[in-house]
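First residue of the sequence shown: 1, per full-length UniProt numbering; consecutive thereafter.
Beta carbons: idealized from backbone N, C-alpha and C, even for Gly.
In what follows, a structure is listed as structure tokens, so that the remarks can point back to it.
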Amino acid sequence: MAGRDDRIGRRPAGSSPSELFPDRVSLRRDESSHSKDVGHDRGRGGGKGGGLPCGKHSKPPLERSSSRRSTNASDRGSISTATAGQRATKVEGLPLVVDLLGDAACLRMQHNQADNKLKRTLADWKRSAAKTPEYSSVDEMQRQAVQKCENEKNNLKQKLRELHPTLCDTFDSLFKQYVQDQASIGPNTQQGADPSPTKVQGSPAELQPQSLEPHQSTKAWMENCLQTELNKFKNSLPSAQGPDNSEIQKLVDSLENEKKKTQLLENKVEEGRQQHRLLEEKLSRLEQKLDGASTTMEERIAAKKSQPATSTTSAEHNQLKLTVEMQGRTIDLIKTEDIASLRSSVEQIQESQGSQEARLSTPTSLKPLVKEVKEQQKKANVLQQRVDALQASAADWSLQDFQNLKARVQGYPPAGEIQQLLVEFPSLVDTKRLLAKYPPSGDLKRLLEEMPPPGDIRRLLGECPSPADIKRRLEELPPSDELNQLVRDVPKLRESMSEVNARSSKLPTPTPAPAFMTKEMTLQLITPKMDRLEDALKSRCADMIQISSVLVAETVDQANARTLKSEEAVQALDARVTGLKRSVDENKKEFDAHVTTLKRNADENKKKLDQQITVLGHDISDTKKDTYDLNYDMEKHLEEQATELKSVKGMVAVMIQDVEKVRKDSRTGIDDVQFQLVQMTDWAKNFSSKQWHDSVAQQIAAYVPAQFAGQLDSLATRVSHLETRSHDSPEVSSKRRKGANGSPLVVNGIH
């Protein structure tokens, strides 16, 4: 019985319907949910537009809402038919909102059902993965079922996302329209009211607040409902706009930061420009100071110069200038001649190379000749570079050295002045000895800075007495011992004078009359001051003389060094010019020799090339014929292979289709065999189970009669009696009985 049930299609023991046929279960569940959704949409829509998707809702007719509003108004008895019609027109968008809400609720329910279905299939898959699969296609079927559930859930989620913005927009528009209508409903109801109302209960003033009370309550309830629904749907909206806004804000912030950085950079650049301007101004000031100092020095030197010396220096300068110009002209002539010859030779080489390159149209067999030509071209380029370098060096020498010499000669003092200074002033050894006695240059600079201007010195020198008067006064002076004693007593006298001044400031005494001052007293007062002034003037004059001698010695040394340097530079220039001329001559000779060799090699190469070109022409014609034949054979072979490939592709496609069919048939056959094996194993288990044996025994006991049982017992006893008799009598031979098929019968294990 159990086996019969399994053959009919009962599921095996220990297996669920979702494990065996998940597609069928999900299909039935989808069909049931779909039928429920369709019925819900039909019941909600009630018309042709009831089952339309979101975004395609047709507006339902307004008779139903207007009739409902009119009946409500008639029941209340406080609002006229005109106000009812106005309310009906004011809430035209409510059916659309209701339809959208219904669609959203339906989609949400379907989404929840799909989510639950996905969770159940995943749980079944995990549960079956924990056990060993009974057949190989279970895992693939469950994976397909999970994928199908996920796709269904994602589709519903996408529909909800598409529905949310339209729902929010309709809610916002409806809410705004409702608020505007409620703001204008008071005066409209007052204007559209019946001027002669019938007194039902009290006066019109008493009835109007009573009629407005339910309207205010419905208004408050509607506002609360709309606000709650708006909040719910705004909260349930996908947060896809948030990241965009945050990203936009981040971009705006980054843009602001970049603007700030650019502003800071502009400020820094402006500061750098200002600093550059300040530095330029400082440099210009320093240059002006330097120019002023140089002009003053030149004026001083020019004041000391003599007229005949300038004529000699100008003559020497002109002579040097003429020599330099002559050397520059000779260099230019040599340069132009050499350059012209080199250019002509280079052009000839380039023309020969161009003809050679035009003939070398077949690079496959002329590679060694091309290499030789390239090497010759490289050598020609090297020679051209050498010529350019020589030209540049000659141009540099002819311009720069002349300018340097000109600047040096202009800066030197004339030779006659230098000789006169050498005659007038002591030798270099004496100046060195004098310089060794004097303080360092820092002190001299400080003294020079502290010195008064030359105009004051000249004025002081003009105010000084003559040397005869100075000698006379020196003779009149007391001896040096007394002067030293006076110098030592000066601080004491200063202290006493300061004390006397302090006392005189505290106790003013009347000044003595000038009549009592004698000539001797005035001389005594003036002579120390004059002596000190004379000593200071002597020391300052000696210092100035020493400083001037040092400066003159330095200028003489510098002039000598400059003359030596100029002579050395002129000699070096002559040597460079001669060397340059020699190198140009050598390079010209080398270039001429190289050009001759190149011409000779070019002629030889030309002959060889002509011979090789003729040979190549024959070879090319032969190779063309061979290539044409090979191409023709290859094209034929390729066409044959293409046809064979097409036929093979067709055969492979047919084989693939056959293999797919066989694979599908084998998969279905294997699944059927596995299912039958499972049923057979369950059937065998049922045969060997104790429950089945007990049920068979019970059935036999229930349906077999008692007489048949007694007959069986008597037969059993008779058979046992016969067996015992046959065993007890040895004379009787045991005869074997044969069955119908010829095989001996087995009785109690004995044939």
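For this session: Rank LEU163, LYS690, LEU598 by C-alpha distance to the C-alpha of LEU101 and give the top, closest one.
Result: Per the Cα distances, LEU163.
Exercise. With 16 other CB atoms within 10 Å as the buried threshold, where does ASN605 fall?
Worked result: By the C-beta density criterion, ASN605 is buried, having at least 16 other C-beta atoms within 10 angstroms.
For this session: May I have the straight-line CA-CA distance separating ARG562 from VAL577, to the nearest angstrom?
Result: Approximately 22 Å, taken between the alpha carbons.
For this session: Compute the distance between the beta-carbons of SER128 and GLN144, then report whether it is under 8 Å.
Result: Result no, Cβ atoms of SER128 and GLN144 do not sit closer than 8 Å.
For this session: Alpha carbon to alpha carbon, how far is MET651 from GLN657? Give it in angstroms, no decimals.
Result: Between GLN657 and MET651, the C-alpha separation is close to 10 Å.
Exercise. Taking the Cβ atom as the reference point for each residue, do ALA104 and LYS153 lie within a distance shorter than 8 Å?
Worked result: With contacts defined by Cβ atoms closer than 8 Å, ALA104 and LYS153 do not form a contacting pair.
For this session: Excluding the 5 residues preceding and the 5 following PHE175 in the sequence, name in chain order all residues of the same chain whose CB lies nearer than 6 Å to its CB.
Result: Excluding residues within five positions, the ones whose Cβ falls inside 6 Å are LEU226.
Exercise. Would you call the CB atoms of LEU156 and GLN110 closer than 8 Å?
Worked result: A contact, by the Cβ cut-off of 8 Å.
For this session: Using three-state DSSP, classify SER128 as helix, strand or coil.
Result: DSSP places SER128 in helix when its eight states are reduced to three.
Exercise. What runs of the alpha helix (DSSP H), each 4 residues or longer, lie entirely inside the region 663-709?
Worked result: Taking 4 residues as the shortest admissible run, the region 663-709 contains the following complete alpha helix (DSSP H) segments, listed from N- to C-terminal end: 690-703.
For this session: May I have the straight-line CA-CA distance separating THR596 from ASN587, to the nearest angstrom?
Result: Each residue's alpha carbon lies about 14 Å from the other.
Problem set entry | Nearest-angstrom Cβ-Cβ length linking THR121 and VAL146, presumed shorter than 8 Å | The pair is a contact, with the Cβ atoms about 5 Å apart (cut-off 8 Å).
Problem set entry | Rounded straight-line distance, which links the Cα of ILE670 to that of LYS649 | Rounded to the nearest angstrom, the two C-alpha atoms are 30 Å apart.
For this session: Could you check how far apart the C-beta atoms of GLU150 and LEU107 are, in whole angstroms? I think they sit under 8 Å.
Result: Rounded to the nearest angstrom, the Cβ distance from GLU150 to LEU107 is 17 Å, too far for a contact under 8 Å.
Exercise. Roughly how many whole angstroms lie between the Cα atoms of ASP585 and HIS594?
Worked result: Their Cα atoms are separated by approximately 14 Å.
Problem set entry | Top-ranked residue by Cα proximity to ASN112, from ASP124, SER136, VAL97, LEU160 | Nearest C-alpha to ASN112 among ASP124, SER136, VAL97, LEU160: LEU160.
Exercise. What's the gap between the Cα of PHE591 and the Cα of GLU281?
Worked result: When the Cα atoms are used, PHE591 and GLU281 turn out to be separated by approximately 55 Å.
Exercise. What's the call for TRP125, buried or exposed, on a 16-neighbour Cβ count within 10 Å?
Worked result: With 16 or more other Cβ atoms from the protein chains shown falling within 10 Å of its own Cβ, TRP125 counts as buried.
For this session: Using 10 angstroms around the beta-carbon of ASP99, count the other beta-carbons present and answer buried if the total reaches 16, otherwise exposed.
Result: Residue burial annotation: ASP99 is buried, with at least 16 other C-beta atoms found within 10 angstroms of its C-beta.
Problem set entry | Straight-line gap, VAL659 to HIS618 (C-alpha atoms, nearest Å) | Cα to Cα, VAL659 sits roughly 60 Å from HIS618.
Exercise. Are residue 757 and SER137 close, meaning C-beta to C-beta below 8 Å?
Worked result: The structure shown has nothing for residue 757, since the chain only spans 1 to 751.
Exercise. Residues in its own chain within less than 8 Å of GLU229 by CB, not counting five upstream and five downstream?
Worked result: Cβ within range, chain order: LEU101, PHE171.
Exercise. In or out: SER35 buried (at least 16 other Cβ within 10 Å) or exposed?
Worked result: In this prediction, SER35 scores a pLDDT of 46, lower than 50, which makes its location untrustworthy; the coordinate-derived value is nonetheless stated afterwards. In this structure SER35 is exposed. Its beta-carbon is surrounded by fewer than 16 other beta-carbon atoms within 10 angstroms.
For this session: Return the chain-ordered list of same chain residues with a C-beta closer than 7 Å to the C-beta of THR262, the five sequence neighbours on each side being excluded.
Result: Around THR262: no qualifying Cβ.
For this session: Within 10 angstroms of the Cβ of VAL252, are there 16 or more other Cβ atoms? Answer buried if so, exposed if not.
Result: Classification for VAL252: exposed.
Problem set entry | Residues near PHE687 in its chain [Cβ-Cβ closer than 6 Å; skip 5 each side] | Correct list: empty, nothing qualifies.
Exercise. Count the other CB atoms within 10 Å of the CB of GLN249; is the residue buried (16 or more) or exposed (fewer)?
Worked result: When all chains shown are included, GLN249 counts as exposed.
Problem set entry | Proximal residues to ASP694 (C-beta, below 7 Å), its chain only, five neighbours per side dropped | So the list is empty, once near-sequence residues are dropped.
Exercise. According to DSSP, is SER621 helix, strand or coil?
Worked result: The three-state reading of DSSP puts SER621 in helix, counting H, G and I together.
Exercise. According to the neighbour-count rule (16 or more other Cβ atoms, all chains shown, within 10 Å of its Cβ), is ALA716 buried or exposed?
Worked result: Flag for ALA716 reads exposed.
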